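Sequential numbering of the sequence shown, starting at 1, is according to this note's numbering.
We put the beta carbon where it would ideally sit given N, CA and C, even for glycine.
Quantities reported herein were computed from a predicted structural model and do not represent experimental measurements.
A quick write-up on the structure given underneath.
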Amino acid sequence: MCAFYLPHIYKGVSSDRRGTCELSEYYKSFLEMSAKSFSVVTVAAVLIFFLKTPVSMQAPLNGSKWSYIGPDGEKAWPKKYPFCGGIFQSPIDFHKDILQYDSNLLPLEFIGYNVSSTDQFTLINNGHSVKMYLLPTMYIRSLPFEYTASQLHLHWGNRNKSEGSEHTVSGKHFAAELHIVHYNSEKYPDVTAAMDKADGLAVLAILFEIGPFNPSYEKIFRHFRNVKYKDQMVQVPGFNIQELLPERLDEYYRYEGSLTTPPCYPSVLWTVFRHPVKISHEQLLALETAMYCTESDDPEPLEMVDNFRKVQEFHERLVFISFREGFVVSVVIACVLGVLIILAVAFCLLKRKSCKKEGKDNRRVIYKPGTHKEEDYISKL
Ligand SMILES: [Zn+2]
Numbered sequence: 001m002c003a004f005y006l007p008h009i010y011k012g013v014s015s016d017r018r019g020t021c022e023l024s025e026y027y028k029s030f031l032e033m034s035a036k037s038f039s040v041v042t043v044a045a046v047l048i049f050f051l052k053t054p055v056s057m058q059a060p061l062n063g064s065k066w067s068y069i070g071p072d073g074e075k076a077w078p079k080k081y082p083f084c085g086g087i088f089q090s091p092i093d094f095h096k097d098i099l100q101y102d103s104n105l106l107p108l109e110f111i112g113y114n115v116s117s118t119d120q121f122t123l124i125n126n127g128h129s130v131k132m133y134l135l136p137t138m139y140i141r142s143l144p145f146e147y148t149a150s151q152l153h154l155h156w157g158n159r160n161k162s163e164g165s166e167h168t169v170s171g172k173h174f175a176a177e178l179h180i181v182h183y184n185s186e187k188y189p190d191v192t193a194a195m196d197k198a199d200g201l202a203v204l205a206i207l208f209e210i211g212p213f214n215p216s217y218e219k220i221f222r223h224f225r226n227v228k229y230k231d232q233m234v235q236v237p238g239f240n241i242q243e244l245l246p247e248r249l250d251e252y253y254r255y256e257g258s259l260t261t262p263p264c265y266p267s268v269l270w271t272v273f274r275h276p277v278k279i280s281h282e283q284l285l286a287l288e289t290a291m292y293c294t295e296s297d298d299p300e301p302l303e304m305v306d307n308f309r310k311v312q313e314f315h316e317r318l319v320f321i322s323f324r325e326g327f328v329v330s331v332v333i334a335c336v337l338g339v340l341i342i343l344a345v346a347f348c349l350l351k352r353k354s355c356k357k358e359g360k361d362n363r364r365v366i367y368k369p370g371t372h373k374e375e376d377y378i379s380k381l
């Protein structure tokens, strides 16, 4: 690129001089030489500056350069993206101290999710994740507003770790996590306009665990080889996106949080389904090993692994849950078990006591036949 600009700059300067100046040939050639030297020196200085400057510093202040590791990793996000160091950040850990049952949380309704195979989704490697654009005919009802689908993407770990989800439950990570991003289409014209508004986005999160082969997820996963490198994309035939959701749609965690990637806008109404979906070990491995953050011609390819953000502080906030039996049942089971254990112990103690008593009686009974035998012996004598 710089090699292209060098002759261009020099040519421009020298031809301008020739066309506009009425100076002696000597002076003109001096000027041309000066201009040439100046151009070469300037370009060389600029080149040296850019070659010596770390890549991270070349990015504009609000540029899109961020990563999960290294100098542009999570800790550095707030420097370029102030919201990442702000309030209402995601993901979080769901633990019992912050959970509150809410009877108003109804099952979500998905409209237009069953997409015909004649329609197509675009799957792209964006250098941070694998993302599939969804159709504007897909939306969710039964939220405070109508939210139209925008895209889905995944977060995962690496082949040597079982942790890959962003949200955790009582400190436990899941293998991976799917996010289906929607925007408030009642108030905003598109996802870009909505993404920095407090009521702008609604994201569904689905946790993954290892189980049998999942044919629905394979409809996306089988295209990974075509999006191995950054900016590669492929068309995916339409299918029913609801197949990617867990069976129990009525049990979920609900809270107000943020995008989990820069710029971390606190604009997301989160719905994290309680029950994970299952994919096979081979499918998870394919996800963990298929893609790179770098472009195909990058001399230093960087594997796309561990693209999940650490859980964030969750001070003085609540997560609302649509289910309660987890607590009631566990309390009831604990009480019943406690009573059963006490009864069992009491029963054993009583039995032991009566056994001892019977033992004493038995000893007396054994003694009596001995007496008879003794009497018989004596009588035989
Ligand atoms: Zn995400």
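*If you count every other CB in all the chains shown that lies within 10 Å of the CB of M33, and 16 or more means buried, which is it?*
Low per-residue confidence applies at M33: pLDDT is 40, beneath 50, and the placement is therefore not dependable, though the value from the model is reported in the following sentence. By the 10 Å Cβ count, M33 comes out exposed.
*Closer than 6 Å by C-beta to G85: which residues in its own chain qualify, once you throw out the five before and the five after it? Chain order, please.*
P78
*List the residues that DSSP assigns as beta-bridge partners of H155.*
E177
*asked:* Going by DSSP in three states, N307 sits in which element: helix, strand or coil?
replied: coil
*With distances taken from CA atoms, which of C293, H275, Y81, V115 is nearest E209?*
H275
*From N240, C293, T192, D250, residue whose alpha carbon lies closest to that of K267*: According to the sequence displayed, residue 267 carries Ser and not Lys. Checked all of N240, C293, T192, D250; the closest Cα to S267 is T192.
_Applying the 10 Å Cβ sphere with the 16-neighbour rule, what's the burial state of Q386?_
The chain is shown only over 1 to 381; residue 386 falls outside these bounds and no answer can be derived.
_Supposed close pair N184, Y133 - CB separation, criterion 8 Å_ = Not quite, the Cβ-Cβ distance comes to about 18 Å (not below 8 Å), so this is no contact.
*If you count every other CB in all the chains shown that lies within 10 Å of the CB of A205, and 16 or more means buried, which is it?*
buried
*Comparing alpha-carbon positions, which option in A175, M233, E109 lies nearest L285?*
A175
*Whole-angstrom distance between L201 and F314, CA atom to CA atom*: 20 Å
*Alpha carbon of K131 to alpha carbon of N104, nearest angstrom*: 32 Å
*asked:* Using only Cβ atoms and a threshold of 6 Å, which residues come within that distance of a heavy atom of ligand 1? Order them by chain position.
replied: H153, H155, H179, T260
_Contact under 7 Å by Cβ, K230 with E295_ = yes
*Chain-order list of residues whose beta-carbon lies under 6 Å from that of V181 (same chain, five-residue window excluded)*: S150, Q151, V203
*Rounded to whole angstroms, how far is the Cβ of N125 from the Cβ of E288, which I believe are closer than 8 Å?*
The Cβ separation is near 14 Å, so there is no contact.
*Express the C-alpha separation of G171 and F110 in angstroms, rounding to a whole number.*
30 Å
*Backbone CA spacing between P82 and L207 [nearest angstrom]*: 28 Å
*Got a sec, what are the start and stop residues for the alpha helix (DSSP H) K390 sits in?*
Missing from the structure shown is residue 390; the chain here goes from 1 to 381 and no further.
*Over what stretch of residues does the beta strand (DSSP E) that includes T260 continue unbroken?*
T260 -> no beta strand (DSSP E), and no H or E assigned at all.
*Kindly indicate which three-state DSSP category I241 falls into: helix, strand or coil?*
helix
*Give the single residue among D93, H128, P144, K161 whose Cα lies nearest to the Cα of I69.*
H128
_Start and end residues, alpha helix (DSSP H) containing W77_ = 77–80
_Applying the 10 Å Cβ sphere with the 16-neighbour rule, what's the burial state of I451?_
Any question about residue 451 goes unanswered here, given that the chain covers just 1 to 381.
_Opening and closing residue of the alpha helix (DSSP H) in which A286 lies_ = 281–289
*Taking E316 as the reference, give the member of A76, E303, L99 with the closest Cα.*
L99
*Identify whether I210 lies in helix, strand or coil by the three-state DSSP scheme.*
strand
*For N125, which three-state DSSP category applies?*
strand
*asked:* Tell me which residue opens and which closes the beta strand (DSSP E) that V272 is part of.
replied: 268–273
*Using three-state DSSP, classify A193 as helix, strand or coil.*
helix
_Straight-line Cα distance separating F323 from L106_ = 10 Å
*State buried or exposed for R309, treating a residue as buried only when at least 16 other CB atoms are found within 10 Å of its CB.*
buried
*Report all residues from its chain with a CB closer than 8 Å to the CB of Y188; omit the five preceding and five following residues, and keep chain order.*
A194, K197, G200
*Measure from the alpha carbon of Y113 to the alpha carbon of each residue in P136, W156, T168, V277, then state which is nearest.*
P136
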